[in-house]
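S.K.:
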């Protein structure tokens with residue numbers, strides 16, 4: 127019995143350590159929500175799950191050290207539900223970020239983003255008037271477009287140099303007009319209409335060289351936010367899946383030891 131308690135104690139200390147990457151992922155998403163992705167609610171479930179695993183692991187560790195049967199049973203019951211919630215959350219994150227990606231553009235290093243390529247709960251939430259006003263203000267305040275400016279020996283970036291750049295989804299969707307609009311490059315955030323007709327994309331008429339407007343009201347900007355969220359969530363989900371698998375193995379071993 128003493129040996130099994132020692133093993134349970136060690137395993138609970140391991141689960142305590144495993145809660146740190148989950149909590150860290152939530153905090154990382156929270157930091158991005160403030161100045162990059164600009165969507166400020168998806169990180170909280172992850173933070174709550176990380177804290178819950180941390181607290182429950184400490185209860186299991188204390189139960190093993192002091193041979194407290196109540197704490198050990200409490201650990202097993204609560205951890206079962208926490209693992210279930212984590213699995214559900216991972217599935218939810220993959221489902222809501224499953225659809226949509228940037229489109230490759232000929233002779234461009236960056237991708238263009240279209241709202242029609244996205245669908246589902248997350249797209250409806252981002253595109254809704256209730257949320258978009260706050261999201262677009264966050265993007266504007268983050269100065270994401272101003273950071274696009276580059277100079278080489280005090281010489282502004284040329285069009286060819288800009289076209290080769292790897293822009294992130296928000297920079298591509300919010301800081302320039304869609305490529306199919308046919309606008310001509312002046313600098314990173316100033317574009318003028320070409321000699322031909324403007325494209326049929328509704329965003330073509332929404333583009334404005336006013337640095338406070340740019341393409342912040344464009345559907346491409348909303349699509350860029352969705353593309354950025356997808357990248358962030360997929361990175362965190364990989365860590366969550368690895369942690370979840372280890373948690374399940376640890377839970378089964380603890381269950382067999384009691």
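Numbering (this note's numbering), first residue to last: 127 to 384. Yeah, the Cβ is synthetic: ideal placement off N, Cα and C, and Gly gets one too. The structure displayed is predicted, hence computed values, not measured ones.
(1) On the three-pair Cβ rule with 8 Å, is the segment 145–159 touching the segment 354–371?
(2) In terms of alpha-carbon separation, which member of 307, 328 and 327 lies closest to residue 318?
(3) Spatial neighbours of residue 127 within its chain, please: C-beta separation below 6 Å, excluding the five flanking residues on both sides.
(4) Round the Cβ separation of residue 304 and residue 327 to the nearest angstrom and send it over; I've been treating them as touching at under 8 Å.
(5) Would residue 227 pass as a contact of residue 238 if the rule is Cβ separation under 8 Å?
(6) Tell me, please, whether the segment 329–346 touches the segment 202–217 by the rule of three or more beta-carbon pairs shorter than 8 Å.
(7) Could you check what DSSP says for residue 312 in three-state terms: helix, strand or coil?
(8) Tell me whether the beta-carbon of residue 210 lies closer than 8 Å to the beta-carbon of residue 366.
(9) Would you check if the distance between the CB atom of residue 294 and the CB atom of residue 316 is smaller than 8 Å?
(10) Name the one or two DSSP bridge partners that residue 281 has.
(11) Buried or exposed: which applies to residue 363, given that a residue is buried once 16 or more other Cβ atoms fall within 10 Å of its Cβ?
(12) Within 10 angstroms of its Cβ, does residue 132 collect 16 or more other Cβ (buried), or is it exposed?
(13) So, with DSSP's three-state summary, where would you put residue 360?
(14) Does the distance from the C-beta atom of residue 176 to that of residue 145 stay below 8 Å?
(15) Cα separation between residue 346 and residue 370?
(16) Considering only the alpha carbon of each residue, which of 275, 233, 212 and 313 lies closest to residue 171?
(17) Just to confirm my understanding: we take residue 193, look at its own chain, exclude 5 residues before and 5 after, and list those with CB closer than 7 Å. What are they?
(18) Considering only their Cβ atoms, is the gap separating residue 186 from residue 138 smaller than 8 Å?
(19) Give the straight-line distance between the Cα atoms of residue 180 and residue 142, rounded to the nearest whole angstrom.
(20) Sorted by chain position, which residues of the same chain lie with C-beta nearer than 7 Å to residue 375's C-beta, five sequence neighbours on each side aside?
(21) In chain order, what residues of the same chain lie with their CB nearer than 8 Å to the CB of residue 173, ignoring the 5 residues before and after it?
(22) In the DSSP output, what is residue 317 paired with across the bridge?
(23) Below 8 Å on the Cβ atoms is my guess for residue 388 versus residue 348; work out the distance and round it to an integer in Å.
(24) What did DSSP end up calling residue 229 once you bin it into helix, strand or coil?
(25) Is residue 131 helix, strand or coil by DSSP?
M.R.: Let me lay it out:
(1) At 8 Å Cβ cutoff, the stretches touch.
(2) Cα-wise, what sits closest to residue 318 is 307.
(3) With a pLDDT of 48 at residue 127, under the threshold of 50, the modelled position of this residue cannot be trusted; read the value that follows with caution. Taken in chain order, the list of residues that qualify is empty.
(4) Contact between residue 304 and residue 327 holds, since their C-beta atoms are separated by about 5 Å, short of 8 Å.
(5) No; because the gap between Cβ atoms is not below 8 Å, this pair is not in contact.
(6) By the Cβ criterion, the segment 329–346 is not in contact with the segment 202–217, since fewer than three pairs of Cβ atoms, one from each stretch, lie closer than 8 Å.
(7) Judged by DSSP in its simplified three-state form, residue 312 adopts strand.
(8) Taking 8 Å as the Cβ cut-off, residue 210 and residue 366 do not qualify as a contacting pair.
(9) No.
(10) Under DSSP, the beta-bridge partners assigned to residue 281 are 278.
(11) Residue 363 counts as buried, since no fewer than 16 other beta carbons sit within 10 angstroms of its beta carbon.
(12) Exposed, by the Cβ-count rule.
(13) Per DSSP, reduced to three states, the secondary structure at residue 360 is helical.
(14) Against a cut-off of 8 Å, the Cβ pair of residue 145 and residue 176 comes out as a contact.
(15) Taking the straight line from one Cα to the other gives about 35 Å.
(16) Answer by Cα proximity: 212.
(17) Residues 131 of the same chain have their beta carbon placed closer than 7 Å to that of residue 193, with the five preceding and five following residues left out of the count.
(18) Judged by their CB atoms, residue 138 and residue 186 are nearer to each other than the 8 Å cut-off.
(19) C-alpha separation (whole angstroms): 5 Å.
(20) Hits under 7 Å: none found.
(21) Excluding sequence neighbours, residue 173 sits near 149, 152, 153 and 156.
(22) Per DSSP, 311.
(23) Absent from the structure is residue 388, since the part of the chain shown begins at 127 and ends at 384.
(24) Strand at residue 229.
(25) DSSP, reduced to helix, strand and coil, places residue 131 within a helical segment of the structure shown.
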